[in-house]
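Residues 2 to 407 in my numbering are what the sequence shown lists, from first letter to last.
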Amino acid sequence: MSQPEDKAVFTKPFTQQEPIPEEAIAKAVEVMRHGRLHRYNTLEGEVAEAALLEDEFATYLGVPYCLACASGGYAMHVALRSAGVEQGTPVLTNAYTLSPVPGAIDNAGGHAVLVEITDRYTIDFVDLERKAEASGAKFLLLSHMRGHIADMDAIVEICQRRGIALIEDCAHTMGARWKGRKSGTFGIAACFSTQTYKHMNSGEGGFLTTTDPELMARAVMFSGSYMLYDRHVAAPDKDVFLEVRLDTPNYSGRMDNLRAAILRPQLRMLDEKCRRWNELYRTLDEGLRRVPGVTLPLRSPDEDYVGSSIQFSLNALSEAQFHSFLAGCAERGVDLKWFGAAEPKGFTSRYDSWRYLPPQQDLPQTRQVLSRLCDMRVPLTFDEEDCRQIVKVIASVLKAMEFERV
Ligand SMILES: Cc1ncc(COP(=O)(O)O)c(C=O)c1O
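Put into C-alpha cells, the structure is as follows:
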C-alpha cells in the first residue's frame, strides 16, 4: 500500500554522486595499462597527466600557475606556508567552515583567529576588522563555506587597507563567480578540493592556484618535486625555483596521474554540472521559501554560486523543537546536517570543538546562527521531482510539529 502524501519517505541517498564519466574511466585504464602513475614517471618528451591537468585548470581559472595536490587540505597547508606563515603566525578565518580549514592553519604552524559569521552565513566584516586589529594578523584564509560568497569588494578592500594576504578556500566555489570574476582569483592564492563530494571527483585531491611566481615555486617544492620542477607546465621559470629550492622542505603531497586522468574530462564538464546544480538549487530554494518558518539567506545578485548544497534557518523553533525537526526529517529520509551541535558528528563540527586551537573568545553570533542552521547536500543524482519531494517532507514535518504544539 502506498503511503499517504504527508507521510511519504524520501529514499534516495544524499551521498551518492554521479558515476565517473566513461571518458575519464577510459583515461584511467590507459594510465593503469602503462603503469606510470607517479607524476614524475614520464617517458622522454611526455607531459604527465598531472601537469596537463594543472595547465588546464589554470586556464579555466584564468591564472598562470596551478599545483595539483593530494587533497584540498594539503593545498591550504602549502598555500599558507608558501605565503609565509610560520610557527605562531596568526591567521584569520571564518568560524563556520569544515575542520580541514583550521587543521591546515595548524599544520602550517599558524594560530587560527576565528571570525564571526553573519546571518548570511558569511564572514562578519566588523568582527574581521576587530580581530585583525587585535591580533595583528596579516593572513586571512577565507572559506567560502557551502558556496556562500561574501562581498568580495569589501573583503579585498579590508585586506588591502590592512596589508592582509588573502587566501581563498574554494572547496565549495569551484565554478562560482563574484561580479563575473571567478572565485579563487581575488587573493594571493586559492585552494580547491576534488574530494568525492565536491564539484569534481577524484576521491581525494586538490589544487593550489596563484598568480605569484615565487609562491608557486615554493608550493611545488613543498609538494615534493624532487627537483623535477621543470616537468610542470603551469609553473614559473626555472630561475624562480633557483631562488627557493634549497630553502623549502619536501612535505610530499603530490597528486598522481591516475587521479589527474579522471579529473581532466570532468573539468570540461564542470560548467554544465554547475548549471544543473543550480537548477536543482532553484527548485529547492523556491519551494522552501514558501514553507512558513523557513528562512533562506539573502544572496547578492553579484554572486553566481554553485548550488551543490543548500542551507536554511529555522529561527522561530526552540532548541527542543529544532532537534525534533531534524529527527523528523531523518525519519522521513531527508538527511539534514547540523553544524551547531556541541558534539562533532560526521563531517560537521562547531568551532569550539577544535580544542587544539589557541584559546579563543567566544563567538556568540556564530553560535546563534549555527544553532538553527540546516545544511543539505544536493547530489546530481537527484532530479527536480526529488527536490520537490524533499520540500514536501520538510514542510510536512514542520506542519506536524505545529499541530503537536497546539
Ligand atoms: C570548506 C572546506 N574546505 C576545505 C576542505 C578540504 O578538502 P579536502 O577534503 O580535499 O582536504 C573541505 C573538505 O571537505 C571543505 O569542506
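We put the beta carbon where it would ideally sit given N, CA and C, even for glycine. Everything numeric in this text was worked out from a predicted model, so none of it was measured.
Neighbourhood of residue i by C-beta, 7 Å cutoff - its chain only, sequence neighbours within 5 removed
| i | result |
| --- | --- |
| TYR75 | GLY207, GLY254 |
| ARG178 | SER184, ASP305 |
| SER3 | Because SER3 sits at a pLDDT of 48, beneath the cut-off of 50, its placement in the model cannot be relied upon, and the point is left open. |
| GLN322 | MET402 |
| SER397 | ASP7 |
| GLU87 | GLY110 |
| VAL245 | GLU215, ALA218, ARG219, MET222 |
| LEU38 | VAL32, ASP257, ASN258, LEU259 |
| VAL48 | VAL234 |
| ASN108 | HIS78 |
| LEU297 | ASP286, LEU289, ARG290, PHE313 |
| ILE106 | LEU81, VAL92, THR94, ALA113, LEU142 |
Assigned exposure category for residue i - 16 Cβ within 10 Å defines buried
| i | result |
| --- | --- |
| PRO14 | exposed |
| GLY46 | exposed |
| MET228 | exposed |
| SER319 | exposed |
| MET33 | exposed |
| LEU299 | exposed |
| PHE140 | buried |
| ASN95 | buried |
| PRO91 | buried |
| THR291 | For the sequence presented, residue 291 should be read as Arg rather than Thr. By the neighbour-count rule (16 or more Cβ atoms within 10 Å), ARG291 is not buried but exposed. |
| GLU273 | exposed |
| LEU264 | buried |
| PHE416 | Nothing about residue 416 can be read from this structure; the chain reaches only from 2 to 407. |
| ARG151 | According to the sequence shown, residue 151 is Ala rather than Arg. Counting Cβ neighbours within 10 Å, ALA151 comes out buried, since at least 16 surround it. |
| THR12 | exposed |
| GLU386 | exposed |
| VAL407 | Because VAL407 carries a pLDDT of 46, less than 50, the predicted location of this residue cannot be relied on, and the following value inherits that uncertainty. Flag for VAL407 reads exposed. |
| ALA166 | buried |
| GLU19 | exposed |
| TYR352 | buried |
| GLY137 | exposed |
heavy atom of ligand 1 below 7 Å from residue i C-beta
| i | result |
| --- | --- |
| GLY73 | yes |
| PRO237 | no |
| THR98 | yes |
| ALA343 | no |
| ASP170 | yes |
| SER397 | no |
| GLN196 | yes |
| GLY176 | no |
| GLY85 | no |
| SER309 | no |
| PRO101 | yes |
| SER354 | no |
| GLY188 | no |
| GLY207 | yes |
| MET153 | no |
| SER253 | no |
| SER136 | no |
| SER226 | no |
| SER144 | yes |
| HIS39 | no |
| HIS200 | no |
| HIS35 | no |
| HIS173 | yes |
6 Å CB neighbourhood of residue i in its chain, flanking five on each side removed
| i | result |
| --- | --- |
| SER83 | LEU216, ARG219, ALA220 |
| ALA235 | GLU55, ASP56, ALA59, TYR66, CYS67 |
| LYS393 | none |
| THR98 | SER144, MET146 |
| SER350 | SER100 |
Bounding residues of the alpha helix (DSSP H) (the contiguous stretch that carries residue i)
| i | result |
| --- | --- |
| MET222 | 214–225 |
| ASN53 | For the sequence presented, residue 53 should be read as Leu rather than Asn. Start and end: 50–62. |
| PHE326 | 320–332 |
| GLU23 | 23–35 |
Neighbourhood of residue i by C-beta, 8 Å cutoff - its chain only, sequence neighbours within 5 removed
| i | result |
| --- | --- |
| LEU347 | The residue you asked about is not Leu; residue 347 is Gly in the sequence shown. Excluding residues within five positions, the ones whose Cβ falls inside 8 Å are LYS338. |
| ILE168 | MET77, ALA80, LEU81, ALA84, PHE140, LEU141, LEU142, LEU143, GLY188, ILE189, ALA190, ALA191, CYS192 |
| CYS70 | ALA76, VAL79, GLY206, GLY207, PHE208, LEU209, SER224, GLY254, ARG255, MET256 |
| ILE395 | LEU289, VAL292, VAL295, CYS330, VAL335 |
| LYS28 | GLU50, ALA262, ILE263, ARG265, PRO266 |
Residue interval of the beta strand (DSSP E) (run including residue i)
| i | result |
| --- | --- |
| THR210 | 207–211 |
Any non-hydrogen atom of ligand 2 within 7 Å of residue i CB
| i | result |
| --- | --- |
| CYS275 | This structure does not include ligand 2; its bound ligands are ligand 1. |
TODO: Kindly provide the ranges of any beta strand (DSSP E) runs that are 3 or more residues long and lie completely inside the segment 170–202, ordered along the chain.
DONE: The segment 170–202 is shown to contain whole beta strand (DSSP E) runs of 3 or more residues at 190–194, in chain order.
Open item on the list: Going residue by residue through the segment 66–154, where are the continuous alpha helix (DSSP H) segments of at least 4 residues, counting only ones entirely within it?
Closed with: Scanning the segment 66–154 for uninterrupted alpha helix (DSSP H) segments of 4 residues or longer gives 73–84, 101–108, 126–136, listed from N- to C-terminal end.
Task: Sequence ranges, beta strand (DSSP E) only - wholly within the segment 244–316, length at least 3 - done: As summarised for the segment 244–316, the continuous beta strand (DSSP E) elements at least 3 residues long and confined to that stretch are 310–314, given in chain order.
Open item on the list: Quick check for students: name the residue ranges of the beta strand (DSSP E) that lie wholly in the segment 340–385, counting only runs of 3 or more.
Closed with: Secondary structure within the segment 340–385: the beta strand (DSSP E) runs of 3 or more consecutive residues, fully enclosed, are 374–378 (chain order).
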